[in-house]
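Colleague: There's a structure below that I have some questions on.
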Amino acid sequence: MRIRQAKSSDREEILRFCARTFNWGDYIDRMWDYWYRSGLLLVVEDGDKKIGVSHVVTCPDNKSMWLEGVRVHPDYRRSRIATDLIARMIQYGLEKGALQASAIVDVTNVASQRMMERSGFEIVSRWAYYSAGGKPQQKKSAARLATVDELDAIWHYLQNSEIYRLSAKMYVKSWHWYALTKKVLNDFIKEKCVIVTSCPIDGIVLINRRGYWDRTNIMQIVYLDSESACGLEQLVSFVTNLYLDGGFEELQIVCHACKLLASFLQKSMIKDAEQFLLYNKVFTASVMPSR
Ligand SMILES: CC(C)(COP(=O)(O)OP(=O)(O)OC[C@H]1O[C@@H](n2cnc3c(N)ncnc32)[C@H](O)[C@@H]1OP(=O)(O)O)[C@@H](O)C(=O)NCCC(=O)NCCS
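Counting in the working numbering, the sequence shown runs from 46 upward without gaps.
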């Protein structure tokens, strides 16, 4: 068995055993070309048979790495192939200077959860995903777009927010989780992508108007934070109106999974819901390979 960097000719054979990974299928076919060009796409082969795949990329600041797309051919599971792929991905990230690794696993995927734990990862947060389509009704909302001069007030709100802490201080971009820092917040405000409840601020939402991967007509909430049902309703109503006015094909909400959010969102226009565990592993400088 050998792990090596993927070649473009590996694509079809890998996709054949990845077509029905989950009951809904898989997304590796949509990601292959993109993963092939960015980070490191790994393939496992046994003789000339391809039996595994995974992808790792370092985040723009190179401080962390993101592990994804681990798939092992059903006939070859429980032989430590995924474990070896994880080790190889981590080695790549460490060589790039990353000092932590993260990955997301569906709450129903017990095999994958055990696999992450066996490789020393810990759960740092639990996230929920909701999607809605169609045409919900426009609703009045007292929420509004944040302005740059509110940066300090919003940052202060986050520092005291239990939801921010439970979100592991992260937000989502193209299904990768990144640190929600003050600089990131400022960039979002400048792009008119932060919505707040009226003064005093008791809720905040970050949105992405550009979709992700090959789905560019999606409106996404990528961070949602409100401890009051009223604030939550104002924020979600405001984003729903943006979704309707913008002619998007789908509204998605990706946020920390908590009961208040779940009961509110499930009552509204939701057609699909899933939950994920965010795993993380921190490395000390002593494990860094010498350069
Ligand atoms: C999850 C998956 C990648 C594991 O691949 P693998 O090569 O069989 O995993 P490994 O042999 O390296 O297993 C490492 C550890 O994970 C755990 N594990 C793996 N498969 C498991 C299963 N079916 N049930 C329970 N634990 C499991 C075990 O703790 C195992 O260690 P052990 O065998 O010493 O007990 C593989 O089952 C797969 O391709 N599943 C479908 C795709 C998927 O879910 N990918 C991950 C998405 S986040």
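Even for Gly, the Cβ is constructed at its ideal location relative to N, Cα and C.
#1: Consult DSSP for ARG116 and reduce its assignment to one of helix, strand or coil.
#2: Would you mind working out which of ALA330, LEU310, VAL299 sits nearest SER170, comparing C-alpha positions?
#3: Taking TRP111 and VAL101 to be in contact with their CB atoms under 8 Å, please state how far apart those CB atoms are, rounded to whole angstroms.
#4: Residues in the same chain with beta-carbon distance under 7 Å from ARG336, minus the five sequence neighbours each way, listed in chain order, please.
#5: Any idea if ARG116 is buried or exposed, counting beta-carbon neighbours within 10 angstroms, 16 or more meaning buried?
#6: So, does the CB of LEU305 fall closer than 9 Å to a CB anywhere in chain B?
#7: Could you check what DSSP says for SER176 in three-state terms: helix, strand or coil?
#8: Measure from the alpha carbon of TYR175 to the alpha carbon of each residue in ASN286, ASP74, LEU269, then state which is nearest.
#9: Look up VAL152 in the DSSP assignment and say whether it is helix, strand or coil.
#10: Taking the alpha-carbon positions, what's the TRP172 to LEU225 distance?
#11: With respect to the alpha helix (DSSP H) encompassing CYS275, which residues constitute its N-terminal and C-terminal limits?
#12: According to DSSP, LYS326 sits in a beta bridge with which residue or residues?
#13: Following a CB-centred definition, is ARG122 positioned closer than 8 Å to any heavy atom of ligand 1?
#14: Exposed or buried, which one is LEU305 when buried takes at least 16 other CB atoms within 10 Å?
#15: CA-CA distance, ALA188 and ILE240?
#16: Between the alpha carbons of THR261 and ARG255, how many angstroms are there, rounded?
#17: Name the DSSP bridge partner or partners of PHE233?
#18: Measure the beta-carbon distance from ILE249 to TYR202 and round it to whole angstroms, keeping in mind my assumption that it falls under 8 Å.
#19: Do ARG133 and ILE48 have their C-beta atoms closer together than 9 Å?
Modeller: Taking the coordinates as given:
#1: strand
#2: VAL299
#3: 7 Å
#4: In this prediction, ARG336 scores a pLDDT of 49, lower than 50, which makes its location untrustworthy; the coordinate-derived value is nonetheless stated afterwards. Answer for ARG336: no residue qualifies.
#5: buried
#6: Protein chains in the displayed structure number just one, and chain B is not present.
#7: strand
#8: LEU269
#9: coil
#10: 15 Å
#11: 274–291
#12: ALA146
#13: yes
#14: exposed
#15: 7 Å
#16: 5 Å
#17: PHE233 is not bridged to any residue.
#18: 6 Å
#19: yes
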